[in-house]
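In the numbering used here, the protein residues as written are 302 to 471.
Even for Gly, the Cβ is constructed at its ideal location relative to N, Cα and C.
In this text, all values refer to a predicted model and were calculated from it rather than measured experimentally.
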């Protein structure tokens, strides 16, 4: 019988118990202790991670040495989507802040599902896309609130540079 807590993970939304079981058969359970680095910014690793228990932080470093906490994630969250779906180095560190139990889906295993035409691969991608879209929507709101705070208005060149970076890339 399927563990109910697993069925509640957003990544498995819209899947039958059998599909969830098949998706889980492609994952590996992982355990990290507090302080252990799970992902290193700049390294290329193509895994999608699902948090069962525990907490972690997503931290980004700048070239000038500044470190910024982007997020704290807990049970039922996922991370690693950007490097998983786009072959690019990790954009941030992810560090366990408590003992953390994870499920890891390696890109190679996902590619096997995809190559076989298994609809589970598409459901995993769609559910990840929905979570990324939600994060982007909240980021848009935060940027708008930040820009409008205290009547700050970016100069036309600042705004043009920002839009170009977001919509066209570096």
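- DSSP, read as helix, strand or coil, puts residue 419 in coil.
- In the pairwise beta carbon analysis, the stretch 389 to 399 is classified as touching the stretch 331 to 344: at least three pairs are separated by under 8 Å.
- Inclusion of residue 352 and residue 374 in the CB contact set at 8 Å is warranted, their separation being smaller than that value.
- Nearest C-alpha to residue 336 among 355, 349, 328: 355.
- Fewer than three beta-carbon pairs drawn from the stretch 357 to 364 and the stretch 313 to 324 are found closer than 8 Å, and the two stretches are therefore not classed as touching.
- Between residue 442 and residue 400, the C-beta gap is not smaller than 8 Å, which leaves the two residues out of contact.
- For residue 404, the closest C-alpha among the options 327, 425, 450, 305 is that of 327.
- For residue 395, the pairing in a beta bridge is given by DSSP as 340, 359.
- Beta-bridge pairing by DSSP links residue 390 to no other residue.
- Contact check for residue 386 and residue 348: beta-carbon distance about 11 Å, past the 8 Å limit, so the pair fails to qualify.
- Only exposed fits residue 460, as fewer than 16 other CB atoms lie within 10 angstroms of its CB.
- Pairing residue 414 with residue 421 gives a Cβ-Cβ distance under 8 Å.
- Taking C-beta atoms as the reference points, residue 350 and residue 381 count as a pair closer than 8 Å.
- Pairing residue 457 with residue 402 gives a Cβ-Cβ distance that is not under 8 Å.
- Contact between residue 307 and residue 332 is absent: CB atoms are separated by about 16 Å, not below the 8 Å threshold.
- With respect to the C-alpha of residue 376, the residue from 346, 357, 435 having the closest C-alpha is 357.
- DSSP places residue 309 in the coil class of the three-state scheme, outside both helix and strand.
- Within the DSSP bridge table, the entry for residue 370 names 360 as partners.
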